[in-house]
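These protein sequences, in sequence, are chains A and B. For the first sequence, this note's numbering begins at 441 and goes up steadily by one. For the second sequence, this note's numbering begins at 207 and goes up steadily by one. A virtual CB, placed ideally from N, CA and C, is assigned to each residue, including glycine. What follows is a single structure, written as structure tokens, with notes after it.
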Amino acid sequence: MSRTGRDSPEPHGAGGDGATTAAFAALLEDSAEELYDSAPCGYVSTLMDGTIAKINATLLDWLGLDRHAVVGRTRFADLLTMGGKLYHETHFAPLLRMQGEINGIALEVRRADGTRIPVLVSATIKYGSEGEPLLIRATLFDARDRRAYEEELLRRQQEAEAARRRAEADRARLQEALAALQQSLLPTVLPDIPGLEVASYYHTASPDRLGGDFYDLFALDGKRWAFFLGDVSGKGPRAAALTSLTRYTLRAAALHDPDPEATLATLNTVLHERYSGGDPRYCTAIFGVLEPDQDGGKVTVRLASGGHPPALVLRADGTCDYLPTPGGLLVGILPEPRFVTAMTTLAPGDGLLLYTDGLTEARTGPDRALYGEEALRTFAVDHAGSPPRAVVQALSGLLEGFGDGLDDDTALLALGVPAARP
Amino acid sequence: MSSLKITTRDAATGPVLEIVGDLDYDHADELRTVVSGLTLRPDQRLVLDLAAMEFCDSSGITALLAARNHALAAQADIALAAVPANTLRILRYVGLDQVFTCHPDSDVATVP
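Structure, rendered in structure tokens:
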């Protein structure tokens, strides 16, 4: 903002009228003695031993002391608090003697009424013609406002620090809760199944958006095992609640009637009843039952799909084919949906791969083309006949290579019959 | 930055929503809001014209299903028009081609 000369008072010497000039001259006649006594800071001069020789009215006023009680009777250090006295003796005075001057030292002076005033002290030594020290001149500035300001700053800083610590603690608690919840959605370990190898993998796209992919593998009775893998709609805590409902409904339904189509139908009924209306929630899922035969080392797989990408069968002879389940509907949308069933037999060296569409819908290459089912099948051919752990390891490497082309959670579950030992 | 624009017009069969842009995680709620504000009569058909829809993810599919639930609750009908190829692929994938009636364009979809 600029001001013109017309708006502001004329500065001295710039051609003001006679009365102003006279008033200014009268002010300048203010004596040096008057300035010394009433200056807006304290002045004190002492002998080299600290005995006060001269002190101005401002400082006497601050101290609440009478000039006669001070001059020739008191030392500078006696004006200070106990801590100040100590600091004066150990630092202030030695430094001053060494350097001839000292600047802006924060000390406190004691007043006659017992209160204290924080001050900033600067001092110089006056030397004689022979260079011998004659006296000490000190200036004291009232630092009360400054101290209050600094204390306010410090208080604000402490408050900000406390708020930051609270926020960090909250975030840590939230992360811990999310991690615990996420873990409750997936099995901690997969069970050991005689005559079958298993491996799984979960890729989380974002640590704070709880994933909606799920899988599980569990015993039905002494002879059969059930597995499922799927993807719920949405992300975040509400999706996690749906995942939890889905996982435990499938487990309970399978124990009641492990027929894959019936199990998905039960899940459908539960989700449709719970989430119809303006907030539809649903999932895709493959549910299957594994039945190892007693002697031949083969495993029969019966599965049903509701809107889920088809499972991939990796044969020991190096071929790979999808186990098609086209037309199966999302689970939870319609009261009477159609699910599609399929069956296959895994011989030694054969494997079954279940995955979520994070894998096949990933974007790859400079044109961000859809990765797709055919690319997955071609990739898997190279790993047909490998144990499930190796297949999952290769696929997790593939997922990692997608980089930011992979923006969805991805779950993998691989099952395989160990190859016959030669 | 993706965006979504929804315009509403009235045809002889009922409201037609033209969906332009991305029906994704960030914008799908806008369709839900528009749809929930529609009053449908039992003999009407809500048409969602997807000719200018550029992208539709699972959140978009959910918004389409929410629109279907809204129409069915009013005992009205719902139809999709000009479904883009990739979205049609996904709809088939999850069996929703059996759930939604799909028309080649909004003219066909609004024939009484």
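Relative to the C-alpha of residue i, which candidate in the options has its C-alpha closest?
i         : options                                    : result
Leu704(A) : Thr683(A), Ala588(A), Phe668(A)            : Phe668(A)
Asp699(A) : Glu801(A), Ala666(A), Val857(A)            : Ala666(A)
Arg550(A) : Asp849(A), Pro806(A), Leu499(A), Gly841(A) : Leu499(A)
Asp671(A) : Gly662(A), Arg664(A), Ala681(A)            : Ala681(A)
Leu270(B) : Ile296(B), Pro248(B), Arg215(B)            : Ile296(B)
Ala509(A) : Glu548(A), Pro806(A), Ile495(A), Asp610(A) : Ile495(A)
Gly554(A) : Gln833(A), Met783(A), Leu505(A)            : Leu505(A)
Pro627(A) : Arg586(A), His528(A), Glu601(A), Leu853(A) : Leu853(A)
Ala497(A) : Gly490(A), Asp489(A), Pro480(A)            : Pro480(A)
Pro750(A) : Gln598(A), Glu473(A), Thr781(A), Ala463(A) : Thr781(A)
Phe819(A) : Leu503(A), Ala787(A), Leu752(A)            : Leu752(A)
Val484(A) : Leu503(A), Arg556(A), Leu580(A), Pro806(A) : Leu580(A)
Leu660(A) : Ser646(A), Glu701(A), Ile633(A), His643(A) : Ile633(A)
Leu244(B) : Ser312(B), Ser208(B), Gly220(B), Cys308(B) : Gly220(B)
Thr521(A) : Leu786(A), Phe727(A), Arg556(A)            : Arg556(A)
Lys738(A) : Lys663(A), Tyr811(A), Gly798(A)            : Lys663(A)
Gly798(A) : Pro677(A), Ser673(A), Gly482(A)            : Ser673(A)
Gly791(A) : Val832(A), Gly812(A), Glu474(A)            : Val832(A)
Thr214(B) : Cys308(B), Ser312(B), Leu278(B)            : Ser312(B)
Leu657(A) : Leu593(A), Pro677(A), Gly524(A), Arg687(A) : Arg687(A)
Ala273(B) : Arg298(B), Pro290(B), Arg238(B)            : Arg238(B)
Ala291(B) : Gln304(B), Asn275(B), Glu260(B)            : Glu260(B)
State the DSSP-derived secondary structure class of residue i, mapped to helix, strand or coil.
i         : result
Thr689(A) : helix
Ala257(B) : coil
Val485(A) : Inspection of the sequence shows that residue 485(A) is occupied by Ser rather than by Val. Strand, per DSSP.
Ile773(A) : coil
Val672(A) : strand
Asp848(A) : coil
Lys738(A) : coil
Glu474(A) : helix
Tyr642(A) : strand
Gly662(A) : coil
Ala830(A) : helix
Tyr795(A) : strand
Leu515(A) : According to the sequence displayed, residue 515(A) carries Arg and not Leu. The answer is strand: DSSP assigns Arg515(A) an E or B state.
Glu592(A) : helix
Arg215(B) : strand
Thr268(B) : helix
Thr293(B) : helix
Asp313(B) : helix
Asn543(A) : strand
Asp553(A) : coil
Leu810(A) : strand
Ala458(A) : Looking at the sequence provided, one finds Gly at residue 458(A) rather than Ala. If DSSP states are grouped into helix, strand and coil, Gly458(A) belongs with the helices.
Pro677(A) : helix
If you drop the 5 nearest sequence neighbours on each side, which residues of the same chain put their C-beta closer than 7 Å to that of residue i?
i         : result
Leu574(A) : Lys566, Tyr567, Gly568
Gly455(A) : Confidence at Gly455(A) is low in this model, with a pLDDT of 49, below 50, so the placement of that residue should be treated as unreliable; the coordinate-derived value is given next. Taken in chain order, the list of residues that qualify is empty.
Ser564(A) : Inspection of the sequence shows that residue 564(A) is occupied by Thr rather than by Ser. Same-chain partners within the cutoff: Gly540, Glu541, Arg577.
Leu630(A) : Val638, Ser640, Leu657
Report all residues from its chain with a CB closer than 6 Å to the CB of residue i; omit the five preceding and five following residues, and keep chain order.
i         : result
Ile773(A) : Tyr722
Ala583(A) : Pro558, Val559, Leu560
Val226(B) : Lys211, Ala258
Cys262(B) : Leu229, Thr293
Gly845(A) : Ala802, Arg803, Thr804
Gly747(A) : Thr724, Gly768, Leu769, Leu770
His233(B) : Leu210
Thr307(B) : Ala285
Using a Cβ-Cβ cut-off of 8 Å (strictly less than) and excluding sequence neighbours within five positions of residue i, which residues of its own chain qualify?
i         : result
Thr486(A) : Ile492, Ala493, Arg515, Phe516, Leu575, Ile576, Ala578
Leu685(A) : Val710, Leu711, Arg714
Met783(A) : Thr740, Val741, Arg742, Leu743
Q.
Three or more C-beta pairs under 8 Å: does that hold for the region 748 to 759 of chain A against the region 711 to 720 of chain A?
A. They do not touch, by the three-pair rule.
Q. Is there contact between the region 689 to 708 of chain A and the region 730 to 737 of chain A, where contact requires at least three CB pairs shorter than 8 Å?
A. Look at the beta carbons and you see the region 689 to 708 of chain A not touching the region 730 to 737 of chain A: under three pairs across the two are nearer than 8 Å.
Q.
Under 8 Å, with one C-beta from each stretch per pair, do the region 242 to 255 of chain B and the region 276 to 295 of chain B reach the 3-pair mark?
A. Contact holds: three or more Cβ-Cβ distances are below 8 Å.
Q) If you pair each beta-carbon of the region 771 to 783 of chain A with each one of the region 705 to 713 of chain A, do three or more pairs fall below 8 Å? A) They touch, by the three-pair rule.
Q: Residues of the region 716 to 739 of chain A with a CB closer than 8 Å to any CB of chain B: list them in chain order, please.
A: Residues Ser716, Gly717, Gly718, Asp719, Pro720, Arg721, Tyr722, Thr724.
Q) Taking one C-beta from the region 763 to 772 of chain A and one from the region 625 to 638 of chain A each time, how about it: are there three or more such pairs within less than 8 Å? A) Taking 8 Å as the limit for Cβ pairs, the verdict is that the region 625 to 638 of chain A does not touch the region 763 to 772 of chain A.
**Q.** Against chain B: residues of the region 670 to 703 of chain A by CB proximity under 9 Å
**A.** The region 670 to 703 of chain A vs chain B, Cβ under 9 Å: Asp671, Ser673, Gly674, Lys675.
Q: Give the residues from the region 750 to 774 of chain A that approach chain B closer than 9 Å (Cβ to any Cβ), ordered along the chain.
A: Listed in sequence order: Pro766, Gly767, Gly768, Leu769, Leu770, Ile773, Leu774.
Q) Taking any Cβ of chain B, which residues in the region 789 to 811 of chain A have a Cβ under 9 Å from it, in chain order? A) Under the 9 Å Cβ criterion, the region 789 to 811 of chain A contributes Asp797, Glu801, Leu810.
Q: Note down, in chain order, all residues in the region 542 to 553 of chain A with a beta-carbon under 7 Å from any beta-carbon belonging to chain B.
A: Cβ contacts with chain B come from no residue of the region 542 to 553 of chain A.
Q.
Check whether the region 616 to 625 of chain A and the region 810 to 827 of chain A are in contact - that is, three or more C-beta pairs closer than 8 Å.
A. In short, these stretches do not touch, since the Cβ pair count stays below three.
Q) Name the residues in the region 247 to 273 of chain B whose C-beta lies less than 8 Å from a C-beta of chain A; which are they? A) Close to chain A, meaning a Cβ-Cβ distance shorter than 8 Å, are the following residues of the region 247 to 273 of chain B: Ser264, Ser265, Ile267, Thr268, Leu271, Ala272.
**Q.** Short-range partners of chain B found in the region 819 to 849 of chain A, where Cβ spacing is below 9 Å
**A.** Look at the region 819 to 849 of chain A: the residues with a C-beta under 9 Å from a C-beta of chain B are Asp848.
Q: Output, in sequence order along the chain, the residues in the region 220 to 251 of chain B whose CB is closer than 8 Å to any CB in chain A.
A: From the region 220 to 251 of chain B, only Tyr231, Arg238, Ser242 have a Cβ closer than 8 Å to chain A.
Q | Selection of the region 280 to 296 of chain B by Cβ proximity to chain A, strictly under 7 Å | A | Taking 7 Å as the Cβ-Cβ cut-off against chain A, none of the residues of the region 280 to 296 of chain B qualify.
Q) According to a CB-to-CB cut-off of less than 7 Å, which residues of the region 304 to 318 of chain B neighbour chain A? A) The residues in question are Gln304, Val305.
Q: With 9 Å as the limit, tell me which residues of the region 207 to 218 of chain B have their beta carbon closer than that to any beta carbon of chain A; keep them in chain order.
A: The residues in question: there are none.
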